[in-house]
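When we follow the numbering used here, the leftmost residue of the sequence shown carries the number 13, and every step to the right adds one. Working notes for the structure below.
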Amino acid sequence: MTNHRTKREVSANRATVIAQQAAVVRRYTYEGASLAALCRDYGVGIGWLRWQFDVWDVPRRPRGRTAYPAGQETSADERERAAFARRLAEPGLLEQSVVLDLSSARGPGAGVSPLAVPVGGVRVSGEVTVGNWGEALIVILQLEADQERYPKVRQRKPLGSPWEPRTVCWGASTPVDDWPTRGRMFGYHEAGVIEYTAAHTPSSAPVVQR
């Protein structure tokens, strides 16, 4: 993602983080703020903030987990997870997936969160659609932290206002309306490709899964 900040602005933002160490650590450790949300709020890079947390000896949460207050933890949509489990040729990729933390944009207790499944094996592409530009930025920051599993993270060219849904993609580019090809690039087995295609072409004749 392109960074338009000057060197002076970057240095000033980092100095602010260091000066506000106690507040930054409290937000991450006790209030559930993600690294991506802190990067957005303070205008620093996620790689630098991870390094700074290591300097401060701040214990890191497992990837994809957020320390929400009791009763406010978000989780992946189980229907989405089940659909991936049915369709993926290599369902083990689900164990490596990230539950995207959008709490800073949606507020605590906002419900289920999108699931980002990495590339691997026959899966060469992935994408997730979120509510607006702000949520897309948070997703990009989270996925850019793991460029091996989420290469070439980018936002699909927006078609409307910043408040319309946005799609964040990673891996190889996929054709827009060729659903079978998209399904195969997403790593689905043939029965999964049929199910995915049928789900996205409701006006076509029913497809019999064999």
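Glycine residues also receive a C-beta, built at the ideal position from the N, C-alpha and C atoms.
- The count of Cβ pairs closer than 8 Å, one atom from the stretch 21–34 and one from the stretch 51–61, reaches three, so the stretches are in contact.
- Taking C-alpha positions only, Ala211 is separated from Asp69 by approximately 47 Å.
- Contact between Thr209 and Gly195 is confirmed by a C-beta separation of about 6 Å, below the 8 Å threshold.
- Exposed is the label assigned to Val188, since fewer than 16 other Cβ atoms lie within 10 Å of its Cβ.
- Under the DSSP assignment, Arg178 falls in the beta strand (DSSP E) whose first and last residues are 178–183.
- Taking a cut-off of 8 Å on C-beta distances, the stretch 100–108 touches the stretch 128–141, as three or more cross pairs fall below it.
- With respect to Thr141, Arg178 sits close: the two C-beta atoms are nearer than 9 Å.
- Glu90 and Ile206 have their C-alpha atoms roughly 21 Å apart.
- Using a 10 angstroms sphere on the CB of Pro126, the tally of other CB atoms reaches 16 or more, which defines it as buried.
- Here the alpha carbon of Ala148 sits roughly 15 Å from the alpha carbon of Asp53.
- The Cβ-Cβ distance between Val111 and Ala128 falls below 9 Å.
- Judged by DSSP in its simplified three-state form, Leu112 adopts coil rather than helix or strand.
- In the three-state reduction of the DSSP assignment, Glu156 falls in the coil class.
- Gln64 and Pro71 have their C-alpha atoms spaced approximately 12 Å apart.
- Cβ contact annotation for Val36 (same chain, cutoff 8 Å, sequence separation greater than five): Val29, Leu50, Tyr54, in chain order.
- Relative to Glu107, the option among Thr18, Trp145, Arg161, Ser115 whose CA is nearest is Arg161.
- Excluding the 5 residues flanking it on each side, Ala48 has same chain C-beta neighbours closer than 6 Å at Ile150, Leu153, Gln154, in chain order.
- For Thr141, the enclosing beta strand (DSSP E) stretches over residues 137–142.
- For Ala34, the secondary structure class from DSSP, reduced to helix, strand or coil, is helix.
- If you look at Tyr54, you'll find it in the alpha helix (DSSP H) that goes 47–54.
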